[in-house]
Every structure is written in structure tokens, then in C-alpha cells.
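Each remark here refers to the structure printed beneath this line.
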Amino acid sequence: MDSVPVEQKDPGWKLFGRVPHRDGSVKDPHKIHKEYESKTSRAGPGHSPPSPRQTVRKNLDFEPNSTTALILEARPANLPAKPAEEAQKHRQQYEEMVAQAKKRELKEAQKRRKQLELRCKVEESIGNAAQTWNQEILPNWSTMCNSRRVRDLWWQGVPPSVRGKVWSLAVGNELNITHELYNICLARARDKWKSMPTEPVTEGSSLADREASLELIKLDISRTFPHLCIFQQGGPYYDVLHSVLGAYTCYRPDVGYVQGMSFIAAVLILNLDTADAFIAFANLLNKPCQMAFFRVDHSLMLTYFAAFEVFFEENLPKLFAHFKENNLTPDIYLIDWIFTLYSKSLPLDLACRVWDVFCRDGDEFLFRVALGILHLYEDVLTRMDFIHNAQFLTRLPDHIPPDQLFSHIHAVHMTNKNRKWAQVLHALQKEQEWISPVLKR
Amino acid sequence: MIMMWFCLCPLFQVLVIGDLGVGKTSIIKRYVHQTYSTNYRATIGVDFALKVLNWDSETVRLQLWDIAGQERFGNMTRVYYREAMGAFIVFDVTRPTTFEAITKWKEDLDSKLMLTNRESIATVLLANKCDQGREVLTNNGVKMDQFCKDNGFVGWFKTSAKENTNISEAANFLVKHIMATENDFLKSVVPDTISPKLNDSQPGTCSACYKS
């Protein structure tokens, strides 16, 4: 008799339960399931019984939470006494129920511990990665930076503590800028600002003067990552950002200050000391793609967009056709993404992960990320019209799952008819008369 | 929701242009989302917004193109002018240079964009940040009216995105003028639309040329 499983009998404990409102929560799961089954089969005749696996799922769903608080109370005195055998059976059933509930709670506690362990593991792996970067990779940079292992580690994201260092090494210093040169440029910029009237530049001044003006840079500085509240006037990095941008307009007066630069300089400042940030900034902007954009070389920009379209069509033909049909040209979203290297459009931590690989792989990666974003949101983008897509792409969702985005970026093929990005771009540059069919106006 | 996206009610592309930092984005956010913040980021390239209006029991959609203000971007962003039906040119009343740039923005717009009847598109001048109490420029209303007449603006408004002053008034005013020019445009163009095309299209030419 004792060996009969509890669930197959009518739950006798209900008889002496004195807390009727708890009934629902202490019901035997199987019974609830049976009730559920009978209800659903009434609703839909011919409903096939669920598979054993489904039954297990259902049981988990109906897990009562308060069973351990179930109290076995003595039978009220005004009722006739239970036979001893029945009382013992009930006691046993009660004990089994409590034991089960305890087991469940133990399991939950174990699950929680596992989650905590996982979190610790992630943190530990970041710590370990930082150690690996610091002790193994950085001291042997030139021999190790191209190894398979380092590349894998790199793709997973460079730990924030070594990020600036890795970026500096990866970007390099082709321009041979020294800290002294930075200080000279900065001093020159300061002299220029001092000699400038405090009031906005007058009509007679040249275009370059206007654009290099203190006012223009000032206006943009406080509009760079405003939510961080560190670049605004009075904020800790206001002067630093101002200095880097000002020094650059003296270093490259032919380029001057162009909107978008403030975002790039800001990201570098967050990861490097001022002079090193300046060196990385000048070298980054000196890359062919960035030079084309910041000098607003329109025809060269169109060539980049055209190359992008080649890979867009290759990777996402359906979406490409949809965009074409809606006259949504790539410049509409790429301008913002390329000019700010995604620092304005992606959450900052994700943008930094993009920068990690961009510093290593160059401009090709920027366009690969664009395709990754389109890939990630392909379903929603194919369902919307021009204006909604334009709005979506110029203001991406606030929460983008980093690992999902990176797996979509990973899935992008950067080959077209056996040609790589650089080859496609070069071919397009050579065909000077070639204009993107979509961009032909 | 999806149905709305493809609705056939009138859709007007409206440009919002003017110097850097005059408050173009703030005006649009105020108009479309009824919000204001001092925390807007600089616009790079172009941003978009859609405003749905009820106009004489009809639904009208305004596609607002918020174009980056830096002069340097001119070559790049002017391609966006080509299908606009109306425009706001914005300046900041506290910065005289942004007012001086108005004629440049207007000339630029007119050089890129003409309606078929050789008129320029309806353009409204917005004197923004009027809450700042430094509106020396716009104190002389008669002078401003004359300025608008001389430079081909259909009108001007003192606006404040911060305090929500005159934003929807200016937009309604622009829509009214867009509707009017659209009607004019239809009247003036309809009589001779067919003949030139018939004369031009010879057998053998690509029929697709006229499709777009």
C-alpha cells in the first residue's frame, strides 16, 4: 500500500487542509494537467493526447511555489478521528510532498548558483583575456598579431583595459606624429583661438576659417555623446576633445574640422591619453576611405557606395531589390555610419567592438558591419517602405544584441565573383565613368 | 500598421536646412514627437521623420528631411533636394552669421530645384531660438517681411523649439502653400504635358526612360 505512488490517488491531504485559498497552489500537478487536458479536449474534439515530453513541460509550468509552507495540521476535534492506518498514510503523503518541494527548491538554488558561476566565468575570461593581451600578445606584437589565436581572441572583443593600446598598435603611426608635434599643433590652435574675436566670424572670412572656427567645434563638442555628460561645457573631457580637434585643424588645415570627427575623437579620448588619442586620430583619418569621406570627395564616396552595393546584392539580393524599388540609396544610411565609424549609431560598447576589428581589418570591415546590420534586421526592413526604413537605419534600435550582430557580420561573404573588397573597389575606381545604377540621378 | 505605411494619401517631402546648430533637429523633434531636449546629437548626413496631419478631412503625410548643416556637406546632401515639395530654412536669432547664411541656403536650394512652372518650391524662413531674448534681427517685422519678399520666401516665423512657439503654425503655413503650388502646378502643366513627350519619343528609343 505504501508503495503506491501519490499522484495516482486522489490527494487525501486536501481533506485536512485548512487553508482553502491555497488549494490552487498545492494541487497535484498531474491533477491540474488532467483537468487541463479534459478542458482542451472538450474545446476541441479529436485533440490528441500530448506526448510524454509535453507532459513534463506542463508539469514544470505548473510548479507550485508554496508547497514547503504546507502545514500538516491535526484533524479538528469536532470530526470523528481518522483510522490510524489512514492517518499514517496521510502523514506519509505529506512528507513525500514536502520532500519533493525541497528537492525542487534545491534544484532552483543550484540553477541560480550556476548562473552566478557563468557570470563569474565571463568576468574571469575578460580578466584572463586582458592578462593574455598584456603579458603575451602586446610584448610580442609584431610576431603574434596575425596568429590564428590572436585573431580569434580579437574577434571576441578586446578587453577595455587594453583596448586603447591595441587600437594604437593596429592603426599604427605612418605619419610619424610625436607628442611634441601634437603640442606644437595645440599651441598653434590656441594662438589662433585667442586672436579670433569672441563673436562669430565675420562675413569676409574664408570658408576654411569659418570651418576651423572655435565656435563650430564648440557647437559640436557639446553635441558629442551628450548622454555621457562628459564632453559638454564644464565636463571633464570638454577641453580634451576641444584640444584634439583644434590641433587637428592646425595639423591638416586643408581638411579642417568636419562633422563626425568629434565622435571619432571622443571614442579615442575615452580609451587613450590625449596625445596618443591625437596620434591615432590623425592616422585613422589618413586612411584612404576616411580621407575620401572627410574631404567630401563626392565621386570617390560614390565609388565606395557602389562597391558596397556589389556586396549588398551578393549577400542580400531580396533586400537589395526592395531598397532599389523604394529608391533607398546606400548613402542615406552609410554617410552617418562611415563618418562616425558607428560610434553615433551603435551603443558605445558595441561600437568599440566594431572599432576593434576595424582597426585590424580596415575600411572593408565598416562595410561588412553595414551588411551585418542589414542582415540582422532583414525581415523587418523588407516589410517597410522608404521613410520607415530610412528612419530605422538612421536611428537604429537602442538595444542591439552584440553577439547576434557579430554572428551576422561573420556570415557576410566579402567576395564577389572571386574578387575581394579591395579588388572590387579598385575596379570601380578604374572605371571612372561607372556610376552606381541606384545613385545615378 | 503595415497598411498605413503603404497608404496612398498625399506625401510631401519637406527639407529642413540651415547652418549647423541652429536647431533643425530640435524643431523636427518638437513638431513630430512633441518633445524637447538639449541633448540632441549633431546630425551627420540626413535624418528622417514622418508627420501625419489631418488636413481638410484628408490625411497628409510630411516626410521631413533633416539635413546636416555643415557647408562642407553641400555636394553630398544636395542630391536630397531633388524631390522636395517644400522647405524650411532655419537660422538662430542669437547668431548673426546663421542669418547671413540664409541667402546662400536659398540660392542653393533654387539652383538645385525648380518646379516645372519655373517657380521655386514653397520655402518658409524660421527665426529659431526666439526664447533667448536676443532677437535683435527680427524685431523689425517690416524689414523681415521685405527680406522674405526679396528672397522668395513665402513667409517667416519666430520659433522656439524649446518653448513650442509657432512650430505647428509654421508647418501648417508651409503645407497650405505646398497644396496651393501643387494645384497651380497641375493647372499650368496639364495643357501641354502630352505633346512634348509624343514628339520626343521616337520608335526604338528605350521605353524605360520614361518609366522612372
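Here the protein sequences line up with chains A and B, keeping their order. Residues in the first sequence are numbered from 1 upward in steps of one, following full-length UniProt numbering. Residues in the second sequence are numbered from 1 upward in steps of one, following full-length UniProt numbering. The beta-carbon is built from N, C-alpha and C at its ideal position, and this holds for glycine as well.
Test item: CB-CB of residue i and residue j under 8 Å
| i | j | result |
| --- | --- | --- |
| W193(A) | L169(A) | no |
| T159(B) | I27(B) | yes |
| residue 525(A) | M144(B) | No statement about residue 525(A) is possible, as the shown extent of chain A runs from 1 to 441 and does not include it. |
| Y81(B) | K112(B) | yes |
| F263(A) | S343(A) | yes |
Inter-residue spacing [alpha-carbon to alpha-carbon] between residue i and residue j
| i | j | result |
| --- | --- | --- |
| D363(A) | N140(B) | 52 Å |
| P97(A) | R119(A) | First, the residue type needs correcting, since residue 97(A) is Met and not Pro in the sequence shown. When rounded, the distance between both Cα atoms is 33 Å. |
| G246(A) | M291(A) | 18 Å |
| V4(A) | L72(A) | Note on V4(A): pLDDT 44, under 50, position unreliable in the model; the coordinate value appears next. Taking the straight line joining both Cα atoms gives about 21 Å. |
| F294(A) | D254(A) | 11 Å |
| L396(A) | A370(A) | 12 Å |
| V150(A) | P139(A) | 13 Å |
| R163(A) | V124(B) | 49 Å |
| P200(A) | L219(A) | Note that P200(A) scores 48 on pLDDT, short of 50, meaning its location in the model is unreliable; the coordinates nonetheless yield the value given after this. So the two alpha carbons sit approximately 12 Å from each other. |
| Q232(A) | P226(A) | 7 Å |
| T224(A) | A277(A) | 16 Å |
| K82(A) | R75(A) | 8 Å |
| R210(A) | A87(B) | Because R210(A) sits at a pLDDT of 49, beneath the cut-off of 50, its placement in the model cannot be relied upon, and the following sentence gives the value as read from the coordinates. Approximately 25 Å between the Cα atoms of the pair. |
| A127(B) | R72(B) | 23 Å |
| Q429(A) | T303(A) | 6 Å |
| V158(A) | C130(B) | 48 Å |
| E378(A) | V93(B) | 44 Å |
| D66(B) | T97(B) | 20 Å |
| N134(A) | T143(A) | 15 Å |
| A42(B) | T340(A) | 11 Å |
| H177(B) | L334(A) | 33 Å |
| K149(B) | V142(B) | 11 Å |
Any chain B beta carbon closer than 8 Å to residue i
| i | result |
| --- | --- |
| D398(A) | no |
| A390(A) | yes |
| V244(A) | no |
| G379(A) | Checking the sequence, you will find Asp at residue 379(A) rather than Gly. No - not a single Cβ of chain B is within 8 Å of the one on D379(A). |
| residue 476(A) | Because chain A in this structure spans residues 1 to 441, residue 476(A) falls outside the shown range and cannot be described. |
| K344(A) | yes |
| I335(A) | yes |
| F339(A) | yes |
| P200(A) | Because P200(A) carries a pLDDT of 48, less than 50, the predicted location of this residue cannot be relied on, and no value is offered for it. |
| I332(A) | yes |
| M301(A) | yes |
| D220(A) | yes |
| A208(A) | With a pLDDT of 47 at A208(A), under the threshold of 50, the predicted position of this residue should be treated as unreliable, though the coordinate-derived value follows. Chain B, which has no Cβ nearer than 8 Å to the Cβ of A208(A), makes this no. |
DSSP state of residue i mapped onto helix, strand, coil
| i | result |
| --- | --- |
| R57(A) | At R57(A) the pLDDT is 44, less than 50, meaning the model places this residue with poor confidence and gives no usable figure here. |
| N128(B) | strand |
| N54(B) | strand |
| A101(A) | helix |
| Q70(B) | coil |
| G23(B) | coil |
| E297(A) | The residue asked about is misnamed: residue 297(A) is Asp in this sequence, not Glu. Correct three-state label for D297(A): coil. |
| K218(A) | helix |
| V255(A) | coil |
| V93(B) | coil |
| I230(A) | coil |
| G362(A) | coil |
Where residue i meets chain B, residues with beta-carbon distance less than 8 Å
| i | result |
| --- | --- |
| K102(A) | Near K102(A) there are no residues of chain B at all, since even the closest Cβ is about 49 Å away, more than 8 Å. |
| I217(A) | None at all; the shortest Cβ gap to chain B is about 10 Å. |
| P159(A) | Neighbours of P159(A) on chain B: none; closest Cβ ~27 Å, over 8 Å. |
| T394(A) | G45, V46, D47 and F48 |
| R368(A) | Those within 8 Å of R368(A) in chain B number zero; the least Cβ separation is about 20 Å. |
CB contact below 8 Å: residue i versus chain A
| i | result |
| --- | --- |
| D47(B) | yes |
| M85(B) | no |
| G21(B) | yes |
| N39(B) | yes |
| A68(B) | yes |
| A127(B) | no |
| I17(B) | no |
| A42(B) | yes |
Contacts that residue i makes with chain B (C-beta to C-beta distance below 9 Å)
| i | result |
| --- | --- |
| R252(A) | Within 9 Å Cβ-Cβ: nothing; R252(A) doesn't reach chain B, min ~14 Å. |
| V258(A) | Q70, R72 and F73 |
| P226(A) | S37, T38, N39, Y40 and R41 |
Residue i: contacting residues in chain B (beta-carbon distance under 7 Å)
| i | result |
| --- | --- |
| H298(A) | N75 and M76 |
| R149(A) | By Cβ distance, chain B contributes nothing, its closest Cβ being about 37 Å from R149(A), past 7 Å. |
| R188(A) | Correct list: empty, because the minimum Cβ distance to chain B is about 22 Å. |
Where residue i meets chain A, residues with beta-carbon distance less than 9 Å
| i | result |
| --- | --- |
| A170(B) | Neighbours of A170(B) on chain A: none; closest Cβ ~21 Å, over 9 Å. |
| Q63(B) | F386, I387 and A390 |
Amino acids of chain C, ordered along the chain, whose beta-carbon sits closer than 7 Å to that of residue i
| i | result |
| --- | --- |
| R119(A) | Among the chains of the structure shown, chain C does not appear; the protein chains present are A and B. |
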